[in-house]
Every structure is written in C-alpha cells, then in structure tokens.
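Colleague:
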Amino acid sequence: MAQIFISHSKQDKDIIHFFLEAFAGTKVKPHLEELENEPPTGITANKIENDIQTSNAVFVLLSENVEHLKHTRDWIVWECGIGKNKDIWIFEPSEQLGKIRVVVPHFNHYVLFERTEDWRKYLRSLIASYDDSHVLPTLSASTAGGALLNEKDRGSGAAIGFAVGLVGLLLHNMSKPSFGIDVRCWKCSSNYKIHNYGKFRCGVCNDISFLQPSQILDYNNSVI
Ligand SMILES: [Zn+2]
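Position 19, counted from 1, in the sequence shown is what the working numbering calls 15; the numbers after and before it change by one each time, with no gaps.
#1: So, does the stretch 104 to 111 touch the stretch 63 to 80, judging by three or more C-beta pairs under 8 Å?
#2: Got a sec, what are the start and stop residues for the beta strand (DSSP E) Asn52 sits in?
#3: Cα separation between Ile0 and Ile177?
#4: Which residue spans inside the stretch 22 to 80 form an unbroken beta strand (DSSP E) run of at least 3?
#5: Roughly how many angstroms lie between the CA atoms of Phe19 and Ala(-2), to the nearest whole one?
#6: Is the beta carbon of Asp114 within less than 7 Å of some heavy atom of ligand 1?
#7: So within the stretch 83 to 111, which uninterrupted beta strand (DSSP E) runs reach at least 3 residues, ignoring any that extend past its ends?
#8: Evaluate Glu113 with the Cβ neighbour count: other Cβ atoms within 10 Å of its Cβ, from every protein chain shown; 16 or more gives buried, anything less gives exposed.
#9: Starting from Phe196 and walking both ways along the beta strand (DSSP E), at which residues does that stretch end?
#10: Using the Cβ count rule (16 or more neighbours within 10 Å means buried), how would you classify Leu275?
#11: For Glu60 and Ile96, I'd like the C-alpha separation in whole angstroms.
#12: Tell me which residues share the same chain as Glu88 and place their Cβ nearer than 6 Å to its Cβ, disregarding the 5 neighbours each side in the sequence.
#13: Going by DSSP in three states, Asp8 sits in which element: helix, strand or coil?
#14: Excluding five sequence neighbours on each side, which residues of the same chain lie with their C-beta closer than 7 Å to the C-beta of Asp127?
#15: I need the DSSP call for Tyr188, collapsed to helix, strand or coil.
#16: Count the other C-beta atoms from every protein chain shown that fall within 10 angstroms of the C-beta of Ser5, then say buried if there are 16 or more, exposed otherwise.
#17: Rounded to whole angstroms, what's the CA-CA distance from Gly199 to Ser129? Just pull it up for me.
#18: Name all residues in chain order for which at least one heavy atom of ligand 2 lies closer than 7 Å to the residue's CB.
#19: Leaving out five residues before and five after Cys201 in sequence, what residues of the same chain have Cβ atoms less than 8 Å from its Cβ?
#20: Our contact map puts Val62 next to Trp85 with C-beta atoms below 8 Å; I'd like the distance itself, whole angstroms only.
#21: In its own chain, which residues sit with a C-beta less than 6 Å from the C-beta of Glu29, not counting the 5 before and 5 after it?
#22: So, with DSSP's three-state summary, where would you put Gly142?
#23: How long is the line joining the alpha carbons of Val179 and Ile12, rounded to whole angstroms?
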C-alpha cells in the first residue's frame, strides 16, 4: 500500500484533521511523525529514515506552531535530505502567509492551502495519485503469464512478462495527473511547483512573490 510520510506539529490538531479527512477514501496510508521530537539520533534516526524510504512522498505541514518549535529547522532539513529522492511537499495555511519563515533547501511543491471543501477535494486527488495498488496486479499478472510457458520458452517468456510489466508502470506514470504550476524564484533561482495564483512564499529563500495567470502566458509566448 502506498504511504505518505507527514511531518507535523501535534499542536496543529485542525490541520491534521483536515489532512486525515483528505486521506480518507484513498488507498494511500498517512504516516504521521511529530516535529516536536528533537533531531533524531541512533535507532530513532534509522526508524525515521526507513519510514521515509518506504513512503512514496513526504508532506511537511508548516504552521506558526512549527515556526516556534525549538528544533524544527534541523529536523525538517534532515528529513528532506533523507527524502531527496521522493516528492517533497511543503504545506502552509494561507492565513499564516508571512508569519512562517522556516526554510527548506530542497522540495518539489509549495502549497498555500485553505481549509475548505474544494481544497480537501484537491488534496484528496493529489494524495490518490500516489495510489499504486492498481499497478502491482499488472506486474504479477505478467509474471504469471511467463510461468505458463513451457521449459524451453521460459527464459524469453519471463522477459516478455517483465516488459509488459514495465509498460504497465510507464502507462501508469503517464496517466498520473500533473499537479501545480512550474515556477522559478527570481531571487534564489530555485525551481518548484506552486498550486494557486496570487502571493506565495519561496520556501527556499523566504521571499514573498506574486504569480498571476498572465505571467504564465507571457512565459509561454517568450518560449515560442
Ligand atoms: Zn527563492
């Protein structure tokens, strides 16, 4: 079962509740990890590293509570370093824009969200895009196909089965909906995706920028 690792503050009960509602009905499991813990050492570090590696993505739920936590910065930077081969999502409540200054050197998505029904649906669809439960049967079915061949053809049959499995994976990836708008921060040149127009904070350099739809058109025109 697909899993998403979620860093959060236990003080943000409303935010956690909102995200857990978005997970409900999907085949993706949330793995909650509290930011209140000190930067991990020893067995704890190993366990968290393993939890991140077995997850399909990492969600970091920033808030004013997280902003004031003593060890937050080291903790988030460490987790995002461990998860650098995963999709890393930074979430901030829109009403707290400008009040959060936590910076993360690397992430893929910055989402300024509101706790509304529309946002809950949007979160649910992006969470569901990590569901891999329909890919695994394709792989096992193709492997079973190889096993039906006689002894002489078994080698090539297995190869064909494996190829079919790969095609299944590729199709799955191609059909995965694309979320967000590609942006590059004018100040620090970091690339990532944001998920709405208007003001947003660069989670790398803390600069506040503004994006409107016409800027996307201008960019496309200049490329052509
Ligand atoms: Zn920046």
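C-beta atoms are modelled at their ideal positions from N, C-alpha and C, and glycine is treated no differently.
Modeller: Let me spell this out:
#1: no
#2: Position 56 of the sequence shown, counting from 1, holds the residue named residue 52. Premise fails: Asn52 is in no beta strand (DSSP E) and is neither H nor E.
#3: For the purposes of this step, residue 0 is taken as residue 4 along the sequence shown, with counting starting at 1. For the purposes of this step, residue 177 is taken as residue 181 along the sequence shown, with counting starting at 1. Those two C-alpha atoms are separated by around 22 Å.
#4: 24 to 30, 53 to 57
#5: Numbered from 1 along the sequence shown, position 23 holds the residue referred to as residue 19. Numbered from 1 along the sequence shown, position 2 holds the residue referred to as residue -2. Roughly 11 Å separates the two Cα atoms.
#6: Counting from one through the sequence shown, the residue named residue 114 turns up at place 118. For ligand 1, not one heavy atom lies less than 7 Å from the Cβ of Asp114.
#7: 83 to 89, 105 to 109
#8: Indexing the sequence shown from 1 puts residue 113 at position 117. Glu113 comes out exposed.
#9: Residue 196 sits at position 200 when you count from the first residue of the sequence shown. Element bounds for Phe196: 194 to 197.
#10: Shown here, the chain extends from -3 to 220; a query on residue 275 therefore has no answer.
#11: Within the sequence shown, the letter at position 64 stands for residue 60. Within the sequence shown, the letter at position 100 stands for residue 96. Whole-angstrom Cα-Cα distance: 6 Å.
#12: As a first step, residue 88 is located in the sequence shown; it is residue number 92 there, counting from the start. Answer for Glu88: Leu58, Ile96, Leu108, listed in chain order.
#13: Sequence index remark: in the sequence shown, residue 8 carries index 12 (1-based). If DSSP states are grouped into helix, strand and coil, Asp8 belongs with coil.
#14: Residue numbering aside, residue 127 sits at position 131 when the sequence shown is read from its first letter. Closer than 7 Å at Cβ, skipping near neighbours: Ala(-2), Thr22, Lys23, Val24.
#15: The count along the sequence shown starts at 1 and reaches residue 188 at position 192. Reduced to three states, the DSSP call for Tyr188 is strand.
#16: Numbered from 1 along the sequence shown, position 9 holds the residue referred to as residue 5. With 16 or more other Cβ atoms within 10 Å, it is buried.
#17: Here residue 199 is taken as the residue at index 203 of the sequence shown, counted from 1. Here residue 129 is taken as the residue at index 133 of the sequence shown, counted from 1. So the two alpha carbons sit approximately 32 Å from each other.
#18: Ligands in the displayed structure: ligand 1; ligand 2 is not one of them.
#19: Start at 1 with the first residue of the sequence shown, and residue 201 comes out as number 205. Within its own chain, the residues whose Cβ lies closer than 8 Å to the Cβ of Cys201, once the five positions on either side in sequence are excluded, are Val99, Cys181, Lys183, Cys184, Ser186, listed in chain order.
#20: Taking the sequence shown and counting its residues from 1, one reaches residue 62 at position 66. Taking the sequence shown and counting its residues from 1, one reaches residue 85 at position 89. Incorrect: roughly 14 Å between the Cβ atoms, too far for contact.
#21: By 1-based counting over the sequence shown, the position of residue 29 is 33. Once the five neighbours on either side are set aside, the close Cβ partners of Glu29 are Ser3.
#22: Along the sequence shown, read from residue 1 onward, the residue named residue 142 stands at position 146. Residue confidence is low: Gly142 scores 43 on pLDDT, short of 50, so the model does not pin down where it sits. No coordinate-derived value is stated.
#23: Residue 179 sits at position 183 when you count from the first residue of the sequence shown. Residue 12 sits at position 16 when you count from the first residue of the sequence shown. Spanning the two alpha carbons is a distance of roughly 27 Å.
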